[in-house]
Amino acid sequence: MSVKPIAMLGDPRLRLKGEPVDSFGKFLHGLLDDLADTMRHAPGVGLAAPQLGEAKRACVVEVQSRLYELVNPRIARSTGDDTDLEGCLSVPGYVAYVTRREKVWVVAQDRHGRSFKVAGSGLLGRALQHELDHLDGKLYIDYLESMDELIAVGQGDEDDGSESGGDGPTGSAIREATHALA
Ligand code: ZN
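In this text, residue positions in the sequence shown follow the numbering used here: the first is 3, and each later residue adds one.
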């Protein structure tokens, strides 16, 4: 178990399509442990294997102190639409509004290969969709029509008075999003 460097935007490994996991042994367990450690260290609410340079269909999501280890996950069902701020540990310093499904039902395998389901809406639903995208080499910025839609967030900038733009998101909404990177 250890904290690993996270691949940043521009790293070609972020764009690889993850291969299905067919071996549920030591390598996978080490990968899942590294994903959780690195996610918590960042900190973030999710991390996918391609972000650690491993083109495998495995990711972790942690919302409200509940850790989900997802191997070979797929969305079985989804409903509604939801637009909210979203950020990515591989694209530091920015967030943007992204429209996703409001609720998703994901089928995955655990670290031992056992199948399970997880349903999520709100932050959990968004994090699940964000991580599953990573497994296909997709980033949230791919949904933006223009990079102008990216909202810069100051590193360690906690000053409420420094918001830019009159109708933009509030400082607290941006802070909340920057504390929920995945
Ligand atoms: Zn991400």
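Every residue gets a Cβ at the ideal spot worked out from N, C-alpha and C, and that includes glycine.
Those residues which DSSP pairs with residue i across a bridge
{"i": "C61", "result": "A50, L72"}
{"i": "I77", "result": "V108"}
{"i": "A154", "result": "Y96"}
{"i": "D83", "result": "R103"}
{"i": "E88", "result": "A98"}
{"i": "E21", "result": "K58"}
Range of the contiguous beta strand (DSSP E) that encloses residue i
{"i": "R103", "result": "96-111"}
Residue i burial status per 10 Å Cβ neighbour count (16 or more: buried)
{"i": "A110", "result": "buried"}
{"i": "G27", "result": "exposed"}
{"i": "P14", "result": "exposed"}
{"i": "A182", "result": "buried"}
{"i": "P7", "result": "exposed"}
{"i": "T101", "result": "exposed"}
{"i": "D162", "result": "Below a pLDDT of 50, predicted positions are generally treated as unreliable, and D162, at 48, falls in that range; no measurement from the model is reported."}
{"i": "D159", "result": "With a pLDDT of only 49 at D159, under 50, the local geometry of the prediction cannot be trusted, and the value read off the model is given with reservation. Exposed, by the Cβ-count rule."}
{"i": "T172", "result": "exposed"}
{"i": "V5", "result": "exposed"}
{"i": "M149", "result": "exposed"}
{"i": "E165", "result": "Bear in mind that the predicted position of E165 carries a pLDDT of just 48, short of 50, making it too unreliable to give a figure here."}
Contact under 9 angstroms by Cβ, residue i with residue j
{"i": "H136", "j": "A51", "result": "yes"}
{"i": "A179", "j": "D86", "result": "yes"}
{"i": "R103", "j": "I77", "result": "yes"}
{"i": "L141", "j": "S92", "result": "yes"}
{"i": "A57", "j": "E21", "result": "yes"}
{"i": "V73", "j": "D112", "result": "yes"}
{"i": "G46", "j": "A184", "result": "yes"}
{"i": "Q53", "j": "A98", "result": "no"}
{"i": "G12", "j": "L130", "result": "no"}
{"i": "V63", "j": "E133", "result": "yes"}
{"i": "G127", "j": "K105", "result": "yes"}
{"i": "Y200", "j": "A154", "result": "A question about residue 200 goes unanswered here, because the residues of the chain that appear run from 3 up to 184."}
{"i": "V65", "j": "G156", "result": "no"}
{"i": "K19", "j": "D144", "result": "no"}
{"i": "L16", "j": "V23", "result": "no"}
Span of the alpha helix (DSSP H), counted from its first residue to its last, around residue i
{"i": "K119", "result": "Where K119 is concerned, there is no enclosing alpha helix (DSSP H), although the beta strand (DSSP E) it sits in stretches over 117-123."}
{"i": "G32", "result": "28-43"}
{"i": "A175", "result": "173-180"}
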